[in-house]
């Protein structure tokens, strides 16, 4: 044995294992984090010693590894394990060494940048193809994070088995799927190998396409033992053939069953800033597929510190950029964008149009923390009897407020907001409400935006999203006993510690209705008859 320092100044020991007259030179190096991580054992001559080795010259995969390491394991035990490995593999008559390799999916594809995503639905449709038959299919391909991924987008007009949602940025093209006859092996991923197979199957046209000097080609071959995607493309002066790494997509939902109704619900979000942008993304991930986004503001790099959007959105209207972001998340999605400042200096018809669009939504959300904007949202909610959810982040990131009101369960929006404001100010300490001070997202010419980081905004957005999904999935039987909550993120105001939550009860649960009396109705009808006599023509009179 020889103890020394490695090139990286780590303690190392050279040793040799003798077996059946041979001497195997090895080196064991103790890493920086030993004894909390295993030492490295590798061949000193850089050779390939074992099938239990990470490549030529790489570490030996011994009985003691990162996945079962304990600090009680000694260097001597590592050397004994190396001896058992070498002796066991070299003893021809000895028992086969068991493999403890448990390779994850991610580990298995680390070096594969061409990947074929196959869903169970499309795999079943491939099995239905007659042996030896070729079927034209639709292929979807995308390039993202230095990786090419392809999936079967369509077989015989069926498109519900794609590996990712339709609507995201992708390239679509035509390909061929072939069910191999029993006993036919997968070809080599070469021009000759693919052409010979196609010729043997009697598919002359496809064989000529494979033998062509240039051009793309996508071929999915299915057999009793597996499925493979072969491709060809032009690369410089040559045509490249290859085989994608197969990734089978497991089925199974990750959302509650009652979230299925969200696909048929529409949500109007006023304010696409820090809070609204995160809220929209959360609801899209939950399953909402119809949005109306209202915001006139433009995204800049300074917004990056706490927004769902990335730097590529700089200079774009926030509502437009959030629409693109939702498409990235969910694919095909119905998003109406209104670049209007609701409650701002806009034309009357623009304001009226936005309010009409919000009235058509199943849920209205105010994420502006602006009292003037809240007035318009509240008016639409009350007039249309639609639930309203709103929230805001408190100054300094000390916490936030989330609230919801529903006709027949909570007071109408303005009354609810007044009760919440009164509750906040009844603690003897000024409430950090944006509606009573500067707006959360300050308007041009006003004070700067309030200070809060991305984590603080995200926590309040998450609570707001849960209120929203609760309203849509459980409209009559909410999982939240209180209609509003003050959530603390640090010791300040009424919060004695982080994550302290105060429920806020509201008085009044009568169904909302417009205030009117019989006299005012009669006066209004009389005035309308006078102004528009031809429009009535006696049809407003009681019947006999």
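Residue numbers (our numbering): 55 to 598.
Ideal Cβ placement from N, Cα and C applies to all residues, glycine included.
The model shown is predicted, which means the values in this text are computed figures rather than measured ones.
Discussion item. Below 8 Å, how does it come out for the stretch 228-241 and the stretch 184-192: are there three or more Cβ pairs, yes or no?
Written reply: Contact annotation: the stretch 228-241 touches the stretch 184-192, with at least three C-beta pairs closer than 8 Å.
Worksheet item: Tell me, which residues are paired with residue 58 by DSSP?
Response: The partner list for residue 58 (beta bridge, DSSP) reads 66.
Item to complete: Give the DSSP bridge partners of residue 566, in chain order.
Response: Residue 566 is not bridged to any residue.
Discussion item. Can you give me the C-alpha to C-alpha distance between residue 221 and residue 389, rounded to a whole angstrom?
Written reply: Annotation: residue 221 to residue 389 spans about 13 Å, alpha carbon to alpha carbon.
Item to complete: Could you have a look at residue 464 and say whether DSSP puts it in helix, strand or coil?
Response: Three-state result, residue 464: coil.
Discussion item. Using 8 Å as the cut-off, can you tell me whether the stretch 268-285 makes contact with the stretch 233-243, which would need three or more C-beta pairs spanning the two stretches below that distance?
Written reply: As far as the Cβ criterion goes, the stretch 268-285 touches the stretch 233-243, which means the pair count is three or higher.
Worksheet item: Looking at C-alpha atoms only, which residue of 260, 319, 306 is the closest neighbour of residue 175?
Response: Taking each of 260, 319, 306 in turn and checking the Cα distance to residue 175, the smallest one comes out for 306.
Discussion item. Going by beta-carbon coordinates alone, are residue 415 and residue 318 separated by less than 8 Å?
Written reply: With respect to residue 318, residue 415 sits apart: the two C-beta atoms are not nearer than 8 Å.
Practice prompt. Return helix, strand or coil for residue 84, following the three-state DSSP convention.
Written response: In the structure shown, the three-state DSSP call for residue 84 is coil.
Discussion item. Please identify the residue among 213, 280, 210, 217 whose C-alpha is closest to the C-alpha of residue 240.
Written reply: By alpha-carbon distance to residue 240, the top candidate from 213, 280, 210, 217 is 280.
Worksheet entry | Residues near residue 400 in its chain [Cβ-Cβ closer than 6 Å; skip 5 each side] | Around residue 400, the same chain offers 394 as residues with beta carbons nearer than 6 Å, after the five sequence neighbours per side are excluded.
Worksheet item: Taking contact to mean at least 3 C-beta pairs separated by less than 8 Å, is the stretch 244-252 in contact with the stretch 122-136?
Response: Segment contact: the stretch 244-252 against the stretch 122-136, fewer than three CB-CB distances shorter than 8 Å; contact not assigned.
Item to complete: With DSSP collapsed to three states, give me the class of residue 377.
Response: Note: residue 377 maps to helix in three-state DSSP.
Worksheet entry | Bounding residues of the alpha helix (DSSP H) (the contiguous stretch that carries residue 144) | 129-144 is the span of the alpha helix (DSSP H), which, as asked, contains residue 144.
Worksheet item: In chain order, what residues of the same chain have a beta carbon less than 7 Å from the beta carbon of residue 60, not counting five sequence neighbours either side?
Response: Excluding the 5 residues flanking it on each side, residue 60 has same chain C-beta neighbours closer than 7 Å at 66, 83, in chain order.
Fill in: Host beta strand (DSSP E) of residue 246 (start-end)
Premise fails: residue 246 lies in the alpha helix (DSSP H), 245-254, not in any beta strand (DSSP E).
Worksheet item: Any contact of the stretch 358-373 with the stretch 506-515, i.e. 3+ C-beta pairs under 8 Å?
Response: The stretch 506-515 and the stretch 358-373 touch, with three or more beta-carbon pairs separated by less than 8 Å.
Worksheet item: Can you name the residues that DSSP bridges to residue 603?
Response: This structure gives no information on residue 603, because the portion of the chain shown stretches from 55 to 598.
Item to complete: Would you kindly report the start and end of the unbroken alpha helix (DSSP H) that includes residue 446?
Response: Premise fails: residue 446 lies in the beta strand (DSSP E), 442-447, not in any alpha helix (DSSP H).
Discussion item. Between which residues of its own chain and residue 107 is the CB-CB distance below 6 Å, once the five residues before and five after are set aside?
Written reply: Within the same chain, residue 107 has close Cβ partners 114.
Item to complete: Check whether the stretch 535-545 touches the stretch 333-351, counting contact only when three or more Cβ pairs, one atom from each stretch, lie closer than 8 Å.
Response: Judged by Cβ distances under 8 Å, the stretch 535-545 makes no contact with the stretch 333-351, as fewer than three pairs qualify.
Worksheet item: Run through DSSP, which three-state label would residue 556 get?
Response: In the structure shown, residue 556 sits in a strand (DSSP, three-state: E or B).
Item to complete: Could you tell me if residue 367 is buried or exposed, where buried requires 16 or more neighbouring beta carbons within 10 angstroms of its beta carbon?
Response: By the neighbour-count rule (16 or more Cβ atoms within 10 Å), residue 367 is buried.
Worksheet item: If we count the other Cβ atoms within 10 Å of its Cβ and call it buried at 16 or more, is residue 553 buried or exposed?
Response: So residue 553 counts as exposed.
Worksheet entry | Beta-carbon proximity of residue 102 to residue 68, cut-off 8 Å | Not a contact, by the Cβ cut-off of 8 Å.
Discussion item. Using C-beta distances below 6 Å, list every residue in its chain close to residue 432, excluding the 5 sequence neighbours before and after it, in chain order.
Written reply: Correct list, in chain order: 467, 468.
Worksheet item: According to DSSP, is residue 486 helix, strand or coil?
Response: Residue state, collapsed to three classes: coil.
Discussion item. For a test of the three-state rule: what should DSSP assign to residue 336, helix, strand or coil?
Written reply: Of the three classes helix, strand and coil, the one that applies to residue 336 here is helix, per DSSP.
Practice prompt. Determine the burial state of residue 197: buried for a count of at least 16 other Cβ atoms within 10 Å of its Cβ, exposed for fewer.
Written response: Label assigned to residue 197: exposed.
Worksheet item: Nearest to residue 218 by CA position, among 205, 269, 309, is which residue?
Response: Of the candidates 205, 269, 309, 205 places its Cα closest to the Cα of residue 218.
Worksheet item: In the DSSP assignment, what residue or residues form a beta bridge with residue 545?
Response: None, per the DSSP bridge assignment.
Practice prompt. For residue 486, count neighbouring Cβ atoms within 10 angstroms of its own Cβ and tell me buried if that reaches 16, exposed if not.
Written response: The residue is buried, with at least 16 neighbouring Cβ atoms inside 10 Å.
Discussion item. Tell me whether the stretch 436-443 and the stretch 455-463 touch, counting them as touching only if at least three CB pairs, one residue from each stretch, are closer than 8 Å.
Written reply: In short, these stretches touch, since the Cβ pair count reaches three.
Worksheet item: Just the Cα atoms here: how many angstroms apart are residue 563 and residue 556?
Response: Across the structure, residue 563 and residue 556 are spaced so that their CA atoms are roughly 21 Å apart.
Worksheet item: Grouping DSSP H, G and I as helix and E and B as strand, with all else coil, what is residue 175?
Response: Residue state, collapsed to three classes: helix.
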